[in-house]
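Before any comments, here is the structure.
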Amino acid sequence: MIEKLKQAYGSQFEPSLIEEIDHVGTFLEVPEGEDLIRPGQYIKAMPLLLSGSIKIMRPDTEGDELLLYHLEKGDTCAMTMSCCLGNTKSEIHAVTETPVELLMIPIGKMEEWSGQYKTWRNFVFNSYHTRMMEMLESIDNIAFNKMDERLENHLQNKIKIFNSKHIYTTHKEIASDLHTSRVVISRLLKKMENDDKIKLHRSFIEVL
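Read left to right, the sequence shown gives residues 15 to 222 (the working numbering).
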């Protein structure tokens with residue numbers, strides 16, 4: 015396990031901190047499509063992502079959800095840290111987008127390491143900053159970009175996450191991520207296919 019930890023975080027943390035994380039962290043393997051965090055849940059540990067991808071969404075009062083950002087190898091969730099340290103209920107929904115491996119770090123260690131390791135403090139602050147910029151980007155996307163531009167940006171993000179131009183998803187899932195209707199997404203995808211930007215297959219979208 016420590017080798018995976020070094021691969022994901024070795025460039026950010028000193029060896030002594032890596033060893034502590036390996037000692038106190040609880041290792042989890044979670045398949046694709048599973049809930050990691052639900053709205054209203056108290057969070058007692060902070061995740062460090064060793065592999066895979068997690069999408070973080072914000073639900074509204076009607077049960078719809080808006081995609082805020084993705085977490086990948088070497089990341090953690092700033093919203094989770096806030097809930098942990100403030101002992102408040104989660105206002106996000108975290109779902110595995112691929113099979114993931116992660117380590118769960120107890121709250122007490124988060125506070126202890128902040129005083130003991132400068133690299134940990136920097137990691138926490140940088141994580142807050144990165145996630146904040148990603149959320150601002152999502153807001154800008156909604157406010158200033160048309161839905162066809164948002165859809166193209168969404169597909170490009172999927173290519174980066176899966177490292178493939180074959181995107182296995184449904185029109186309904188894309189509509190949910192972008193907070194719109196399946197009919198709108200299907201129409202825009204068909205237009206992209208007519209423009210030779212993508213090819214629609216039965217179970218996946220091929221970006222050309």
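All residues carry an ideal CB built from backbone N, CA and C; glycine is no exception.
Task: Spatial neighbours of residue 169 in its chain, beta-carbon cut-off 8 Å, leaving aside the 5 residues before and after - done: The residues are 181, 212, 219, 221.
Open item on the list: Pull the bridge partners of residue 110 from the DSSP assignment, please.
Closed with: The partner list for residue 110 (beta bridge, DSSP) reads 68.
TODO: Compute the Euclidean distance between the alpha carbons of residue 171 and residue 142, then round it to the nearest angstrom.
DONE: Take the alpha-carbon of residue 171 and the one of residue 142: they are about 20 Å apart.
Task: Backbone secondary structure at residue 28 - three-state DSSP - done: Residue 28 carries a coil assignment under DSSP once its states are collapsed to helix, strand and coil.
Task: Nearest residue (CA-CA) to residue 72, options 126, 47, 106, 179 - done: Residue 72 has its Cα closest to that of 106, out of 126, 47, 106, 179.
Task: Buried versus exposed call for residue 90 [16 or more other C-beta atoms within 10 Å across all chains shown] - done: Around the C-beta of residue 90, 16 or more other C-beta atoms lie within 10 Å, and the residue is accordingly described as buried.
Open item on the list: Is it buried or exposed, residue 137, if we count other Cβ atoms within 10 angstroms and call 16 or more buried?
Closed with: Buried, by the Cβ-count rule.
- [ ] Name the one or two DSSP bridge partners that residue 14 has.
- [x] The requested residue 14 does not occur in the structure, where the chain is confined to residues 15 to 222.
Task: residue 89 - DSSP class collapsed to helix/strand/coil - done: Here residue 89 sits in coil by DSSP.
Open item on the list: Any contact between the stretch 18 to 28 and the stretch 43 to 54? By contact I mean 3 or more CB pairs, one from each, below 8 Å.
Closed with: With the rule of 3 Cβ pairs closer than 8 Å, the stretch 18 to 28 does not count as touching the stretch 43 to 54.
TODO: Kindly give me the distance between the Cβ atoms of residue 161 and residue 194, rounded to whole angstroms, as I take these residues to be in contact under 8 Å.
DONE: Indeed they touch by this definition, with Cβ atoms about 6 Å apart.
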